[in-house]
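Residues in the sequence shown are numbered consecutively from 185, following this note's numbering.
All C-beta atoms in this analysis are idealised placements derived from N, C-alpha and C, irrespective of residue type, glycine included.
The structure appears below as structure tokens.
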Amino acid sequence: MKKLALTLTMAAAAMSLGACSSMSTQDKNTAVGAGVGAVAGSVLSGGSALGTVGGAAVGGVIGNQVNKPSR
């Protein structure tokens with residue numbers, strides 16, 4: 185069952201990469217930050233939904249602010 189879940193997750197990730205081609209660098213950083221934050225939040229909270237969502241939110245904000253263009 186875990187192998188099937190991993191295969192489906194990897195397939196979904198591979199298909200979604202094409203959607204990133206027209207994104208700005210800041211948009212990509214936000215998406216990557218949200219993804220990494222969600223995984224980290226899930227691991228640190230023992231898989232709770234609140235930890236996952238909180239991690240995604242914090243990671244997205246941090247990713248958005250990395251290399252932010254000057255005004």
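If you ignore the 5 residues before and after P253, its C-beta comes within less than 8 Å of the C-beta of Q210, all in its own chain and listed in chain order. With a 10 Å radius around the Cβ and a threshold of 16 neighbouring Cβ atoms, G221 comes out buried. DSSP, read as helix, strand or coil, puts S226 in helix. Taking a contact as a CB-CB distance under 8 Å, the pair S226 and G235 counts as one, their CB atoms being some 6 Å apart. When the five nearest sequence neighbours on each side are left out, the beta carbons in the same chain lying within less than 6 Å of the beta carbon of G239 are those of G221, A222, A224, G225, in order along the chain.
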